[in-house]
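A.B. asks: Quick one: the structure is below, and I'll ask about it shortly.
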Ligand SMILES: Cc1ncc(C[n+]2csc(CCOP(=O)(O)OP(=O)(O)O)c2C)c(N)n1
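Residue numbers (my numbering): 7 to 301.
Put into C-alpha cells, the structure is as follows:
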C-alpha cells in the first residue's frame with residue numbers, strides 16, 4: 007500500500023462534508039465514521055488518496071458525509087466494487103463498509119471470496135445486528151428470541167456464529183471493536199488499513215432504534231480490549247478462543263494478524279514485474295470495426 011509520507015498530512019477538517027447527517031440520535035455510525043477519519047488522518051492519508059466504498063444501508067449513507075473518492079454500491083455488493091478499485095489501482099488504500107445484513111446475507115458470497123482471494127483491502131462491518139435502513143428486521147446475527155420487526159416472536163433460524171464462519175475462511179486479519187470506543191476503533195482501523203491482505207473489521211454497533219439487546223450500555227459493560235489483556239494477534243488458536251467465546255465478555259482489538267500470506271495481486275502471474283497499474287494502462291481503443299459486425 008502506498009501511503010502518503012507527506013509530513014503535512016490532512017486534518018480531520020479536510021474530511022468534513024457539510025451534508026446533514028440523517029442517522030438516529032445515538033447511532034453508532036457517528037462513532038465509527040469519526041474513528042475512520044481519525045485513522046486516515048493519523049496515517050496521513052488525504053481524502054484524494056483513498057477509495058471509500060459504501061454498501062447500501064444506514065452506514066452507507068456515510069457516502070455523502072465525509073470526503074474521499076466515494077462509491078455507493080448495491081446492497082451486499084460492495085466487496086467486488088472495492089476489490090475492482092484496488093486491483094485497478096493497487097497504490098490506493100481501499101476501504102469498504104457494509105452492514106451485517108449485507109455481509110452475512112445478500113452479499114455473503116462476496117465476503118467468502120473476498121477473504122479467500124486475499125484482496126488487499128479493508129472491510130469494515132457495521133454490525134448493528136439488524137437490517138437498520140429497512141426498519142429493524144432480524145439479520146442472521148440477531149440474537150434468538152429477540153422480538154424484531156416482521157419477527158415479533160423471535161427468529162425461527164439459528165443465529166449465525168459469525169466469527170466461527172470468518173475463521174473458517176482462513177483470514178489473515180480479523181479485528182473486533184465497538185462503536186463507543188473511538189480510540190480502540192482508530193487503532194484497529196490503522197492496523198487494518200496497513201495490512202497487506204484482506205482485513206476484516208467487525209464493529210459492534212449500537213442501534214438505539216431497533217437493537218434493544220446489544221445497546222451502547224450493554225457493549226460498554228461487556229466489551230474489553232483483549233490486546234491490553236495480553237492477547238497476541240499472531241497466535242491463531244488464541245485468536246479463535248477470544249473471537250468465539252463471547253458468553254460473558256466480548257474480546258475486542260486486533261484478534262488475528264498474519265502478514266506472511268501473499269495477496270491476490272502478488273499471486274497474479276501476468277502482473278509479475280509490471281511497474282504500471284491497470285488504471286495507468288487504460289487507453290482509448292477504436293471499436294468501430296467490431297461494432298459494424300453487429301449492425
Ligand atoms: C439485493 C437487495 N436486497 C434488499 C434490499 C433492500 N434493503 C436496502 S437497505 C436494507 C437493509 C440494510 O441492512 P444492513 O446491510 O444490515 O445495513 P444497516 O442499514 O443496518 O446499516 C435492505 C434489506 C436492497 N436494496 N437490495
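The beta carbon of each residue, even a glycine, is placed where N, CA and C say it ideally should be.
(1) Thinking C-alpha only, which one of 77, 81, 101 is nearest residue 42?
(2) Examine the Cβ distances between the stretch 222 to 230 and the stretch 141 to 151 and report whether three or more of them are shorter than 8 Å.
(3) Buried or exposed: residue 106, going by 16 or more other Cβ atoms within 10 Å of its Cβ?
(4) By DSSP's criteria, residue 130 is part of a beta bridge. Which residues make up the other side?
(5) Alpha carbon to alpha carbon, how far is residue 203 from residue 282? Give it in angstroms, no decimals.
(6) Select from 94, 38, 167, 116 the residue whose C-alpha is nearest the C-alpha of residue 302.
(7) Quick one: measure Cβ to Cβ for residue 186 and residue 222, integer angstroms, because I've assumed they're closer than 8 Å.
(8) Cβ of residue 75 within 8 Å of Cβ of residue 57?
(9) Is the beta carbon of residue 172 sitting closer than 8 Å to the one on residue 180?
(10) Would the beta-carbon of residue 137 be found less than 7 Å away from any heavy atom of ligand 1?
(11) Tell me whether residue 208, by its Cβ, gets closer than 7 Å to a heavy atom of ligand 1.
(12) Rounded to the nearest angstrom, how far is the Cβ of residue 219 from that of residue 177, given a contact under 8 Å?
(13) Ligand 1 and residue 134: does the residue's C-beta get closer than 7 Å to at least one heavy atom of that ligand?
(14) Express the C-alpha separation of residue 166 and residue 158 in angstroms, rounding to a whole number.
(15) According to DSSP, is residue 84 helix, strand or coil?
(16) Taking residue 183 as the reference, give the member of 294, 85, 154, 198 with the closest Cα.
(17) Rounded to whole angstroms, what's the CA-CA distance from residue 25 to residue 35? Just pull it up for me.
(18) In terms of alpha-carbon separation, which member of 114, 210, 77, 70 lies closest to residue 190?
(19) Among the candidates 169, 149, 174, 170, whose CA atom is the shortest distance from the CA of residue 163?
(20) Looking at ligand 3, does it come within less than 7 Å of residue 70, judged from the CB to the closest heavy atom?
(21) Tell me the rounded alpha-carbon separation between residue 104 and residue 62.
(22) Write down the C-beta distance between residue 84 and residue 60 rounded to the nearest angstrom, noting that I regard them as a contact closer than 8 Å.
(23) May I ask you to check if the CB of residue 34 is nearer than 7 Å to at least one heavy atom of ligand 1?
(24) Going by other Cβ atoms of all chains shown within 10 Å of its Cβ, with 16 needed for buried, is residue 22 buried or exposed?
C.D. replies: Let me spell this out:
(1) As a working note, residue 42 is residue 36 in the chain shown. It is 101.
(2) no
(3) In the chain shown, residue 106 corresponds to position 100, counting from 1. Burial call: buried.
(4) Reading the chain shown from its first residue, position 124 is the one you call residue 130. Note: residue 130 sits in a beta bridge opposite 103, 207.
(5) Start at 1 with the first residue of the chain shown, and residue 282 comes out as number 276. Start at 1 with the first residue of the chain shown, and residue 203 comes out as number 197. Cα to Cα, residue 282 sits roughly 20 Å from residue 203.
(6) The shown model of the chain, from 7 to 301, leaves out residue 302, and the question about it has no answer.
(7) Sequence index remark: in the chain shown, residue 186 carries index 180 (1-based). Sequence index remark: in the chain shown, residue 222 carries index 216 (1-based). So it is a contact: roughly 5 Å between Cβ atoms.
(8) Locating residue 75 in the chain shown gives position 69, where the first residue counts as 1. Locating residue 57 in the chain shown gives position 51, where the first residue counts as 1. Inclusion of residue 75 and residue 57 in the CB contact set at 8 Å is warranted, their separation being smaller than that value.
(9) Taking the chain shown and counting its residues from 1, one reaches residue 172 at position 166. Taking the chain shown and counting its residues from 1, one reaches residue 180 at position 174. Closer than 8 Å, so yes.
(10) Position 131 of the chain shown, counted from the first residue, corresponds to residue 137. Within the cutoff, so yes.
(11) Position 202 of the chain shown holds residue 208. Checking the Cβ of residue 208 against ligand 1 gives no.
(12) Translated into the one-based positions of the chain shown, residue 219 becomes position 213. Translated into the one-based positions of the chain shown, residue 177 becomes position 171. No, residue 219 and residue 177 are not in contact; Cβ-Cβ is about 26 Å, not under 8 Å.
(13) Translated into positions along the chain shown, residue 134 becomes position 128. It does: the Cβ of residue 134 is within 7 Å (strictly closer) of some heavy atom of ligand 1.
(14) Here the question's residue 158 lines up with position 152 in the chain shown. Here the question's residue 166 lines up with position 160 in the chain shown. If you take the alpha carbons of residue 158 and residue 166, they lie about 19 Å apart.
(15) For the purposes of this step, residue 84 is taken as residue 78 along the chain shown, with counting starting at 1. In the displayed model, residue 84 falls within a helix according to three-state DSSP.
(16) The count along the chain shown starts at 1 and reaches residue 183 at position 177. Closest option to residue 183, Cα to Cα, is 198.
(17) In the chain shown, the residue the question calls residue 25 occupies position 19. In the chain shown, the residue the question calls residue 35 occupies position 29. If I take the Cα positions, the gap works out to 15 Å.
(18) The count along the chain shown starts at 1 and reaches residue 190 at position 184. It is 210.
(19) The count along the chain shown starts at 1 and reaches residue 163 at position 157. Answer by Cα proximity: 149.
(20) Because ligand 3 does not appear in the structure shown, any question about it cannot be addressed here, the ligands present being ligand 1.
(21) By 1-based counting over the chain shown, the position of residue 104 is 98. By 1-based counting over the chain shown, the position of residue 62 is 56. One C-alpha to the other measures close to 7 Å.
(22) Taking the first residue of the chain shown as 1, we reach residue 84 at position 78. Taking the first residue of the chain shown as 1, we reach residue 60 at position 54. Contact flag correct, Cβ pair sits at about 7 Å.
(23) Counted from its first residue, the chain shown places residue 34 at position 28. No.
(24) Numbered from 1 along the chain shown, position 16 holds the residue referred to as residue 22. Residue burial is scored here from C-beta neighbours: residue 22 has fewer than 16 other C-beta atoms within 10 angstroms and is therefore classed as exposed.
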